[in-house]
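Just add 3 to wherever you are in the sequence shown, counting from 1, and you've got our numbering. Just so it is clear, CB atoms sit at the ideal spot from N, CA and C, and this is done for glycine as well. All of these numbers come straight from a predicted model, not from anything done at the bench.
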Amino acid sequence: MKTLKSNISYKLYSNGEQFIKENEIYLKANSNTYVETAFFFVNARNYHTLNQRNYALQFKSNGEVLLILKLEPYNMLLFGSKSLCYYAANIISDLNLIVENVLGEEECTLEFLKCYQNRLAGEVELQHSMQIMILEKFNNFSESSVFQCSAKDLEDLALCYCSFKKEAFSEEIEFSAALEILKGKEHTFYAIKEKERIVSIASKTRNYDTICSISCVYTISEYRGRGYARQVVSRVCMDILNEGKTPYLYVDSLNPISNHLYLSMGFMYLKQQQVQYHYHPTHINRAIFAGGCFWCMAEPFYSLDGVKKVVSGFVGGEEVLPTYEEVKYGNTEHREAILIEYDASKIKYSDLLDIYFSSIDPFDFGGQYIDRGHNYTCGIYTSNLFEKEEVFKRIKELEESHNQKVCVELCDDTLFYPAEEEHQDYALKNPEKMQEELKISGRQKQGEKKNG
């Protein structure tokens, strides 16, 4: 648990089991809440490794809670108080986590994305606007033609499923891929046949202790208008109710025809509307450099036009949210490092590399200046091929001109753990102490030598 202010804290989880254990009380506060948060339970079950694309966070303040869970390739899930979105957006940025698609209650999701854009610019686009419907009073309809699918129906079911994905999501899916997706799940589907062909389907998904979702509701176009969708959904509802659970489903806010069908069956809308937005980064990029003491590393970047923010922290180790003391004394495999957020329309990545290489000793394999040990060694963490090529080029030039091996490790982009608040912007807060630190370390003398 990390404290941001006296009354605000956050926790980063390395697995879904611990996340659910500590937050189930919020995710299942009541039956309606449980319906809204069902995706959390599905994704948490498969979340085992923390990285930039897989993460879980809890934010707390005076009884307010905000929960975030991201499992690749699915949406980042958001649930809780919008008052904590500002802190969540900044911590996610500090941690160098990747945000692409965000799914959550509309007001909270929009607040988070607004705060995230304030930090990293970028563009957002609405992809889906969904409402949750929950069965309140079941109006049963005849479902005598409906049957539960089994393994013998797999191929026929896959054909219908391909049509469903193409029409509902404009997603072309190969028949072989559909077979693989549905294999072992046939019994969750209910169907109607015409002329020995499955023409209408619905399935049970996210089946929990008290609730169960209905999805993949679809009828092939030439068989619509015959009440087939009503029949298969009725059968699914009946089976869920017989299990002592409440049926619910997600519906497209822009599809009033099917929604009218569900209303006639006894479903009601929950008040909260779910939205899915896509976030697309634009001109604000990030660079991560390790090269000794992060106070000294950060100092030359503050004054550069185009540099928006410099964060001091740690990178490269396995421990989650390490402290300064742990890294300083070599108790983890992290390096001290800086994360630079910069406007690529004003300053180039190559310009940042110029500053970086001019402020370090690239031939020192044991640390930097008076700071010794792995935690003070050099590394550059790149996020794309262009950055890798720029670094390779710079290293090759240095090795050829000095006839020495450059000891700067080239690494893939990764999580970045911000250091405690007293270490942030140290050079700006303590200019006189910073100059003394540069002299004592030997880094300033090295810089003057290079400039001379």
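Is it buried or exposed for Ala-232, if we count other Cβ within 10 angstroms and need 16 for buried? Taking the sequence shown and counting its residues from 1, one reaches residue 232 at position 229. Its Cβ being crowded by 16 or more others within 10 Å, Ala-232 is buried.
Report yes if the C-beta distance between Phe-297 and Ala-340 is below 9 Å; otherwise report no. Mapped onto the sequence shown, residue 297 falls at position 294. Mapped onto the sequence shown, residue 340 falls at position 337. Result yes, Cβ atoms of Phe-297 and Ala-340 sit closer than 9 Å.
Phe-317 classed as buried or exposed, judged by whether at least 16 other C-beta atoms fall within 10 angstroms: Your numbering for residue 317 matches position 314 in the sequence shown. Buried: at least 16 other Cβ atoms inside 10 Å.
To which residues of the same chain is Glu-451 closer than 7 Å at the C-beta, ignoring the five residues directly before and after it? By 1-based counting over the sequence shown, the position of residue 451 is 448. Low local confidence applies: a pLDDT of 49 at Glu-451 is under 50, so the model's placement there is unreliable, with the coordinate-based value given in what follows. For Glu-451, where only same-chain residues beyond five positions count, there are no Cβ hits under 7 Å.
Alpha carbon to alpha carbon, how far is Asp-415 from Thr-385? Give it in angstroms, no decimals. What you label residue 385 is simply residue 382 of the sequence shown in a count that begins at 1. What you label residue 415 is simply residue 412 of the sequence shown in a count that begins at 1. In a straight line, the C-alpha of Thr-385 is about 5 Å away from that of Asp-415.
Thinking just about the alpha-carbon of each residue, which of Ser-86, Ser-261 and Leu-106 is nearest to the one in Cys-118? Against the sequence shown, residue 118 aligns to sequence position 115. The shortest C-alpha separation from Cys-118 is found at Ser-86.
Among the candidates Tyr-282, Val-202 and Glu-246, whose CA atom is the shortest distance from the CA of Gly-228? Taking the sequence shown and counting its residues from 1, the one referred to as residue 228 is at position 225. Out of Tyr-282, Val-202 and Glu-246, Val-202 has the C-alpha closest to the C-alpha of Gly-228.
Bounding residues of the alpha helix (DSSP H) (the contiguous stretch that carries Cys-111): Taking the first residue of the sequence shown as position 1, residue 111 is located at position 108. Note, Cys-111: alpha helix (DSSP H), 109-123.
Helix, strand or coil: which one does DSSP assign to Glu-322? The residue labelled residue 322 in the question sits at position 319 within the sequence shown. Here Glu-322 sits in coil by DSSP.
Assign Gln-407 to buried or exposed, taking buried as 16 or more other Cβ atoms, counted over all protein chains shown, within 10 Å of its Cβ. Within the sequence shown, the letter at position 404 stands for residue 407. Flag for Gln-407 reads exposed.
If you follow the beta strand (DSSP E) that Asn-65 is part of, which residue opens it and which one closes it? Working through the sequence shown from its first residue, we reach residue 65 at position 62. Unbroken run through Asn-65: none, as it is neither H nor E.
Where do the ends of the alpha helix (DSSP H) carrying Gly-19 lie? Within the sequence shown, residue 19 is the residue found at index 16, counting from 1. Here the alpha helix (DSSP H) through Gly-19 covers 19-30.
Determine the direct distance from the alpha carbon of Pro-434 to that of Ala-171, and round the result to whole angstroms. Counting from one through the sequence shown, the residue named residue 171 turns up at place 168. Counting from one through the sequence shown, the residue named residue 434 turns up at place 431. Whole-angstrom Cα-Cα distance: 60 Å.
Nearest-angstrom beta carbon gap, Asn-245 and Val-254 [assumed within contact, 8 Å]: By one-based count along the sequence shown, residue 254 stands at place 251. By one-based count along the sequence shown, residue 245 stands at place 242. Wrong, their Cβ atoms sit about 23 Å apart, outside the cutoff.
Inter-stretch contact (C-beta, 8 Å, three-pair minimum) for the stretch 15-33 and the stretch 49-56: yes
Locate the alpha helix (DSSP H) running through Tyr-456, then write down its first and last residues. It is not possible to answer for residue 456, since the shown part of the chain is limited to 4 through 455.
May I ask which residues mark the beginning and end of the beta strand (DSSP E) holding Tyr-211? Here the question's residue 211 lines up with position 208 in the sequence shown. Premise fails: Tyr-211 is in no beta strand (DSSP E) and is neither H nor E.
Closest by CA to Gln-277, which one among Tyr-193, Tyr-90 and Leu-106? Indexing the sequence shown from 1 puts residue 277 at position 274. With distances taken between Cα atoms, Gln-277 lies closest to Leu-106.
With Val-90 and Phe-62 assumed to form a contact (beta carbons below 8 Å), what rounded beta-carbon distance in angstroms separates them? Locating residue 90 in the sequence shown gives position 87, counting from the first residue. Locating residue 62 in the sequence shown gives position 59, counting from the first residue. A small correction: the amino acid at residue 90 is Tyr; Val does not occupy that position in the sequence shown. Tyr-90 to Phe-62, Cβ: 6 Å. Contact.
Taking 9 Å as the cut-off, decide whether the C-beta atoms of Gly-294 and Ser-404 are in contact. Your numbering for residue 294 matches position 291 in the sequence shown. Your numbering for residue 404 matches position 401 in the sequence shown. No.
Tell me whether Met-136 sits in a helix, a strand or coil according to DSSP, three-state version. Reading the sequence shown from its first residue, position 133 is the one you call residue 136. In the structure shown, Met-136 sits in a strand (DSSP, three-state: E or B).
Count the CB pairs spanning the stretch 189-198 and the stretch 138-155 that are closer than 8 Å, and state whether there are at least three. yes
Using a Cβ distance threshold of 8 Å, determine whether the stretch 22-40 contacts the stretch 54-74, with at least three qualifying pairs required. yes
Buried/exposed call for Gln-438, threshold 16 Cβ in 10 Å: In the sequence shown, the residue the question calls residue 438 occupies position 435. That one is exposed.
Where Tyr-16 sits in the DSSP three-state scheme: For the purposes of this step, residue 16 is taken as residue 13 along the sequence shown, with counting starting at 1. Three-state result, Tyr-16: strand.
Nearest to Lys-155 by CA position, among Met-4, Val-127, His-190 and Val-314, is which residue? Reading the sequence shown from its first residue, position 152 is the one you call residue 155. Considering only alpha carbons, the answer is His-190.
Taking 9 Å as the CB-CB cut-off, is Asn-99 touching chain D? As a matter of chain content, chain D is missing from the structure shown, which is built from one protein chain.
Cα separation between Leu-72 and Phe-43? Mapped onto the sequence shown, residue 72 falls at position 69. Mapped onto the sequence shown, residue 43 falls at position 40. Going by the C-alpha atoms only, they are around 7 Å apart.
Please report the distance separating the alpha-carbon of Phe-389 from that of Glu-400. In the sequence shown, residue 389 corresponds to position 386, counting from 1. In the sequence shown, residue 400 corresponds to position 397, counting from 1. In a straight line, the C-alpha of Phe-389 is about 17 Å away from that of Glu-400.
In chain order, what residues of the same chain lie with their CB nearer than 7 Å to the CB of Lys-168, ignoring the 5 residues before and after it? If you number the sequence shown from 1, residue 168 lands on position 165. Counting only Cβ-Cβ distances below 7 Å, and skipping sequence neighbours, we find Glu-174 and Ile-176.
Under the three-state reduction of DSSP, which class applies to Asp-156: helix, strand or coil? Position 153 of the sequence shown, counted from the first residue, corresponds to residue 156. Correct three-state label for Asp-156: helix.
With distances taken Cα to Cα, identify the nearest neighbour of Ile-135 among Tyr-226, Lys-396, Ser-218 and Asn-65. Stepping through the sequence shown from its first residue, residue 135 is reached at position 132. Nearest of Tyr-226, Lys-396, Ser-218 and Asn-65 to Ile-135, Cα basis: Ser-218.
Taking Val-127 as the reference, give the member of Ala-41, Asn-104, Ile-11 and Asn-143 with the closest Cα. In the sequence shown, the residue the question calls residue 127 occupies position 124. For Val-127, the nearest C-alpha among the options comes from Asn-104.
For Tyr-429, does the count of other Cβ atoms within 10 angstroms reach 16, so buried, or fall short, so exposed? Working through the sequence shown from its first residue, we reach residue 429 at position 426. Buried, since its Cβ has 16 or more Cβ neighbours within 10 Å.
Thinking C-beta only, is Cys-240 closer than 9 Å to Asn-143? Here residue 143 refers to the residue found at position 140 of the sequence shown. Here residue 240 refers to the residue found at position 237 of the sequence shown. It is a contact, given that the beta carbons lie within the stated cut-off.
Exposed or buried, Lys-285, counting other C-beta atoms within 10 Å across all chains shown (16 or more means buried)? To locate residue 285, count along the sequence shown from 1; it is residue 282. The amino acid occupying residue 285 in the given sequence is Thr; Lys does not appear at that position. With fewer than 16 other Cβ atoms within 10 Å, it is exposed.
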